[in-house]
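Trainee: Next up is a structure, given as structure tokens.
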Amino acid sequence: MARPRRLGGISYVGPAAYFITSCTLDRCKAFTTNDFCDECQLELLATSQRFGFSATAYCFMPDHVHYLVSGTRADASLPDFVSMWKQRTGFAWHKRTGKRLWQKGYYEHMLRSDEAHLPIARYILENPVRAGLVRDIRDYPWLGSDRFSIDEIMAAFEALGPR
120 MARPRRLGGI SYVGPAAYFI TSCTLDRCKA FTTNDFCDEC QLELLATSQR
170 FGFSATAYCF MPDHVHYLVS GTRADASLPD FVSMWKQRTG FAWHKRTGKR
220 LWQKGYYEHM LRSDEAHLPI ARYILENPVR AGLVRDIRDY PWLGSDRFSI
270 DEIMAAFEAL GPR
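Residue numbers (our numbering): 120 to 282.
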């Protein structure tokens, strides 16, 4: 699969918000065990913080990861953050399996300043429900936020009303 092209004229640095999807190579079902998913979740949160991002919502599906991040510093570089996170998790996967974890590139949607974050967070966190993996997002272990508890997110969803 071809690497998704970045938008021209955008630096991807600073206090902006992005909805990212990273897919595993050949859609390998890498995110199905507690130990590896837990390691990758911790790395996502640590790397986002180190590179000046807050993870509003994230979800590890068996063969891809969705995350909504917001730059919290002027030097928050999305390409550097994603590259480091994929490198570190890819290295951990390679140590376990001897194989590559990630497809090249990633898909991103840069949120406009007037674009609501909550519907995107809802889409991300309801992904395992739509895929039939669980009936309630509270039952899925590999999703979350570094800003909100699941109960806070669910209350916000309820305030939005039905989809």
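Just so it is clear, CB atoms sit at the ideal spot from N, CA and C, and this is done for glycine as well.
Grouping DSSP H, G and I as helix and E and B as strand, with all else coil, what is I139?
Mentor: Sequence index remark: in the sequence shown, residue 139 carries index 20 (1-based). Three-state DSSP puts I139 in a strand.
Trainee: Looking at the strands, I want to know which residues DSSP matches up with H185.
Mentor: If you number the sequence shown from 1, residue 185 lands on position 66. Partner(s): T140 and C178.
Trainee: What is the residue span of the alpha helix (DSSP H) that Y242 lies within?
Mentor: One-based indexing of the sequence shown puts residue 242 at position 123. Its alpha helix (DSSP H) spans residues L237 to L244.
Trainee: With a threshold of 7 Å, establish whether the CB of V184 neighbours any heavy atom of the ligand SAH.
Mentor: In the structure shown, the ligand SAH is absent, as is every other ligand, since no ligand is present at all.
Trainee: From D255, Y131 and L279, pick the residue whose C-alpha is nearest to that of T191; which is it?
Mentor: On the sequence shown, residue 191 is found 72 positions in, with the first residue counted as 1. Ranking D255, Y131 and L279 by Cα distance to T191 puts Y131 first.
Trainee: What's the gap between the Cα of R215 and the Cα of D233?
Mentor: Against the sequence shown, residue 215 aligns to sequence position 96. Against the sequence shown, residue 233 aligns to sequence position 114. Cα-Cα distance, rounded: 43 Å.
Trainee: Helix, strand or coil, according to DSSP, for W212 in the structure here?
Mentor: Here residue 212 corresponds to residue number 93 of the sequence shown, with the count starting at 1. Reduced to three states, the DSSP call for W212 is helix.
Trainee: Checking 8 Å against the spacing of the C-beta atoms, do Y177 and I243 come in under that value?
Mentor: Locating residue 177 in the sequence shown gives position 58, where the first residue counts as 1. Locating residue 243 in the sequence shown gives position 124, where the first residue counts as 1. In this structure, I243 lies closer than 8 Å to Y177 by Cβ.
Trainee: Identify whether S202 lies in helix, strand or coil by the three-state DSSP scheme.
Mentor: As a working mapping, residue 202 is identified with position 83 in the sequence shown. Note: S202 maps to helix in three-state DSSP.
Trainee: Could you tell me which residues DSSP pairs with Y259 in its beta bridges?
Mentor: Translated into positions along the sequence shown, residue 259 becomes position 140. Paired residue(s): none; Y259 is not in a bridge.
Trainee: State the CB to CB distance for the pair F172 and A195, rounded to an integer number of angstroms; the pair is presumed to be in contact (CB under 8 Å).
Mentor: To locate residue 172, count along the sequence shown from 1; it is residue 53. To locate residue 195, count along the sequence shown from 1; it is residue 76. Their Cβ separation, rounded to whole angstroms, is 6 Å, which keeps F172 and A195 in contact under 8 Å.
Trainee: Would a C-beta distance cut-off of 8 Å place T166 and R207 closer than the cut-off?
Mentor: The count along the sequence shown starts at 1 and reaches residue 166 at position 47. The count along the sequence shown starts at 1 and reaches residue 207 at position 88. Contact flag set, yes.
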